[in-house]
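K.L.:
After the structure tokens below, expect a handful of questions from me.
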Amino acid sequence: MLDNANAQERESKPLVLIVDDERDIADMLKGYFELSGYLACVAYDGEAAIKAISRKPDVILLDVNMPGRDGFSVCRAIRDSVSCPIIFLTARVEDADMIDGFASGGDDYVAKPFSLQVLGARVAAQLAREKRRSTSSVVRMNDDISIDFRRMQVMVHGAPVSLPRKEYEICALLAKHPSQVFDRDMIYEQVWNAPGDSSVVTEHVRRLRKALAQAGADASCIRTVWGVGYSWGA
1 MLDNANAQER
11 ESKPLVLIVD
21 DERDIADMLK
31 GYFELSGYLA
41 CVAYDGEAAI
51 KAISRKPDVI
61 LLDVNMPGRD
71 GFSVCRAIRD
81 SVSCPIIFLT
91 ARVEDADMID
101 GFASGGDDYV
111 AKPFSLQVLG
121 ARVAAQLARE
131 KRRSTSSVVR
141 MNDDISIDFR
151 RMQVMVHGAP
161 VSLPRKEYEI
171 CALLAKHPSQ
181 VFDRDMIYEQ
191 VWNAPGDSSV
201 VTEHVRRLRK
211 ALAQAGADAS
221 CIRTVWGVGY
231 SWGA
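The numbering of the sequence shown is the UniProt record's numbering, which starts it at 1 and goes up by one.
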């Protein structure tokens, strides 16, 4: 009975993972979110955060300035394993730091000191965005490939294909706009949500095509438009 009760609570309450080496701040945030109707757990360093993702949090609050493994490093280490929103908490406010944060896989950036109410609103907004995304159904893109936008999952002949988040998002972006050509800068801006080195898009597209081909799909559906960019074609 207790296990069933815990499972029902988890289904009804989002889990917030709080990662901060300042224990007073971490514990304060845990108390705030629990009082606000969330479940909350805490990790006090980067290594503990990486282990804690096994609990499958719905959103992660990740401090940047931690000794040892900093927040950017943790984000890069877990981003391919988790699709939930990651919000950085940091005293850094320079544009370069913000770009690093988004490039490493973060979804939002809250500068310290912050208002608990503002942080709570940011968390709620990210969760609402994920919920809107989850209302989409499975869409068949062609004879080989379908996409489950609810689970952020690409499937080939009905079998799921293991893709890192960036490859999935590139695939979904192109598939949602068939025949529209996206240059690398447009793809980077849409997928990474920040300016940066768009040359990395080429490597992600190569990996995406390879994964689709290995799964038995015709990867030529992701077309290269020479001198321009990429598009989803028949």
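Glycine included, C-beta positions come from ideal geometry on N, C-alpha and C.
Thinking just about the alpha-carbon of each residue, which of 32, 36, 66 and 77 is nearest to the one in residue 53?
P.N.:
In the sequence shown, the residue the question calls residue 53 occupies position 53. When only C-alpha atoms are compared, the closest one is 77.
K.L.:
Can you give me the C-alpha to C-alpha distance between residue 202 and residue 184, rounded to a whole angstrom?
P.N.:
Taking the sequence shown and counting its residues from 1, one reaches residue 202 at position 202. Taking the sequence shown and counting its residues from 1, one reaches residue 184 at position 184. C-alpha separation (whole angstroms): 8 Å.
K.L.:
Give me, in chain order, the residues of the same chain whose beta-carbon lies closer than 6 Å to that of residue 164; leave out the 5 immediate sequence neighbours on both sides.
P.N.:
Working through the sequence shown from its first residue, we reach residue 164 at position 164. Answer for residue 164: 80, listed in chain order.
K.L.:
Is there at least one non-hydrogen atom of the ligand ATP closer than 6 Å to the beta-carbon of residue 50?
P.N.:
No copy of the ligand ATP occurs in the structure displayed, which carries no ligand at all.
K.L.:
Can you tell me whether residue 1 is buried or exposed, with buried defined as 16 or more other CB within 10 angstroms of its CB?
P.N.:
Position 1 of the sequence shown holds residue 1. Unreliable positioning characterises residue 1 in this predicted model, as indicated by a pLDDT of 43, which lies under 50. A coordinate reading is not provided.
K.L.:
Alpha carbon to alpha carbon, what distance is there between residue 225 and residue 49?
P.N.:
One-based indexing of the sequence shown puts residue 49 at position 49. One-based indexing of the sequence shown puts residue 225 at position 225. Distance between the alpha carbons of residue 49 and residue 225: 41 Å.
K.L.:
On a Cα-Cα basis, can you pick out the residue from 104, 59, 90 and 160 that is closest to residue 262?
P.N.:
The displayed coordinates of the chain run from 1 to 234. Any statement about residue 262 would go beyond what the structure contains.
K.L.:
Three-state secondary structure (DSSP) at residue 140?
P.N.:
The residue labelled residue 140 in the question sits at position 140 within the sequence shown. Three-state DSSP puts residue 140 in a strand.
K.L.:
Pull the bridge partners of residue 41 from the DSSP assignment, please.
P.N.:
Within the sequence shown, numbered from 1, the residue matching residue 41 stands at position 41. 17.
K.L.:
Can you list, in chain order, the stretches of the beta strand (DSSP E) that have 3 or more residues and sit fully within the UniProt domain "OmpR/PhoB-type" (136-234)?
P.N.:
If we require 3 residues or more, the beta strand (DSSP E) runs fully inside the UniProt domain "OmpR/PhoB-type" (136-234) come out as 138-140, 145-148, 153-156, 159-161, 222-225 and 229-232.
K.L.:
Within a Cβ cutoff of 6 Å, which residues of the same chain sit near residue 173, ignoring the five residues on either side of it in sequence?
P.N.:
Stepping through the sequence shown from its first residue, residue 173 is reached at position 173. Taken in chain order, the residues that qualify are 190.
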